[in-house]
Amino acid sequence: MDVDTTESNNSPSPLKIKALSPVQQRRLTDYLDEQFIELMRQFKKRSEPNARFASLESYVAEIQRLLALILRIPPIDPSTYLRTTYLLRLCNECLNSVLHYQPPSPSDSDALGCLLDVLDDLDQAWIVVLHSQIWDPEEGGTDLILSVEAVNHGKKSTPPSITEQARIRSFALGSLANLQEWVSQRHNTMSEKKEDPQVQEVGDLLARMGLGQRFDKIFERTIEELGGLYGGETEDIDAEICDPGLPTCSVDNAFSEDEMDI
C-alpha cells in the first residue's frame, strides 16, 4: 500500500475504494458461505447422471468464478482479512477436490490445461493479496494508493499476518507435491498396461501433454515471494501453525474415498 503525498493539481487522483460496510460484509460472508456449501454439495454428486461437476473442467470453471468474486473484496480494513480467509478456503477446496478426479491421460491434455490455468490464477491472486493490491480484471493487481487524508482518518490495509503467510507457503509447496503424485497415478497405470512404452517417467507423460514446464511452475510466484521470509526456520513454523479448520490436501486422503452486488 502506498500513501499519496503529492500536492500537485496535475497528479492523478488516488483510486477511490471503500471498505465494506458491516451490512455489506455480512451479506458477502453469507453469500460466499452458501456458495462454498453448494460447491461441496455439487462436487459430491459428480458421479450422478447430469452432474454439474462431472468433469474436471466444469469444477475448475466454478473455482474461477468464485475466485473472481473473492478478489473483488476491497483490501481496506476491516474487509481485508476476508479476502485472505476466503482465498485460503477456496485453495483448499480446489486442491482437495481435484485429487478425487481421474488424472487426465495424454489424449485429454485440455483437462489438465484447464486445471493449470486456474492454479496460475490462484498464484497471481496470492501475489495481489500479499501486496495488498486492488484486483483489476483487465490489468491484474494494481497498487492501492491512499490519500494522506484517508490515512489520517484511519483508513489502512493490513497484509496477511506471518502465520497466514506461513500457511499460504505451506499450501503452495504441498499442492505441487500432491499434484505430482496425482499425475503419477496415470503414469503408473499406463506403465502397468504398457499403453505407451515412451512414457517412462511422470515428466515424460507431462511432456507428451505439452504441459511439463507449466506444471513445474505451479505456485512459483507465491513460493518465490514467501521463500525468503523465514530462512531455515520455515519447517518449524509450518509445524506450529497447523490449522484444523483447513484440511491438508492429500492424494491418499482423496482416494480413500447470480453474483451479489457488493
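Quick note on numbering: my numbering labels position 121 of the sequence shown as 1585, and the sequence is numbered without any gaps. Ideal placement from N, C-alpha and C gives every residue a C-beta, glycine not left out. As the structure is a prediction and not an experimental result, all values here were calculated from the model.
Status (buried if at least 16 other CB within 10 Å, exposed otherwise) for residue i
i: S1543; result: buried
i: R1529; result: exposed
i: E1471; result: Its pLDDT being 45, under 50, E1471 is placed unreliably in this model, and the value from its coordinates should be taken loosely. Label assigned to E1471: exposed.
i: E1502; result: exposed
i: P1538; result: buried
i: N1514; result: exposed
i: R1490; result: exposed
i: S1561; result: buried
i: E1526; result: buried
i: E1557; result: buried
i: L1559; result: buried
i: D1494; result: exposed
For residue i, three-class secondary structure by DSSP
i: D1497; result: helix
i: D1584; result: helix
i: T1606; result: strand
i: F1683; result: coil
i: N1514; result: coil
i: P1486; result: helix
i: D1541; result: coil
i: S1573; result: helix
i: K1508; result: helix
i: I1591; result: helix
i: I1632; result: helix
i: I1481; result: coil
i: Q1566; result: coil
i: L1492; result: helix
Expected contact under 8 Å - CB spacing of residue i and residue j to nearest Å
i: K1482; j: I1540; result: 7 Å
i: L1583; j: L1520; result: With 8 Å as the limit, L1583 and L1520 do not qualify as a contact, their Cβ atoms being about 12 Å apart.
i: G1604; j: Q1588; result: 7 Å
i: P1567; j: Q1629; result: With 8 Å as the limit, P1567 and Q1629 do not qualify as a contact, their Cβ atoms being about 31 Å apart.
i: W1646; j: L1563; result: 5 Å
i: I1609; j: S1639; result: In fact, because the Cβ distance is near 32 Å, the residues do not count as touching under 8 Å.
i: L1643; j: I1687; result: Wrong, their Cβ atoms sit about 14 Å apart, outside the cutoff.
i: R1633; j: L1690; result: 4 Å
i: D1607; j: Q1597; result: 6 Å
i: Y1550; j: L1586; result: Not confirmed; about 12 Å, so no contact.
i: F1733; j: R1510; result: No answer is possible for residue 1733: the residues shown for the chain start at 1465 and end at 1726.
i: R1536; j: W1599; result: 7 Å
i: R1631; j: L1552; result: 7 Å
Where the beta strand (DSSP E) through residue i begins and ends
i: I1598; result: 1598-1600
Enclosing alpha helix (DSSP H) for residue i [first to last residue]
i: S1622; result: Looking at the sequence itself, residue 1622 is Thr, so the reference to Ser does not match. Unbroken run through T1622: none, as it is neither H nor E.
i: L1552; result: 1544-1562
i: S1522; result: 1520-1535
Residue i CB to nearest heavy atom of the ligand FMN below 7 Å
i: K1508; result: The ligand FMN is not among the ligands present in this structure, which contains no ligands whatsoever.
Residue-chain proximity (residue i, chain C), Cβ-Cβ < 8 Å
i: T1544; result: Absent from the structure is chain C; it holds one protein chain and no more.
Spell out a yes or no on whether the segment 1505-1515 and the segment 1483-1496 are touching, meaning 3 or more CB-CB pairs, one atom from each, closer than 8 Å. no
State whether the segment 1591-1598 contacts the segment 1621-1638, with contact taken as three or more CB pairs (one from each stretch) at a distance under 8 Å. yes
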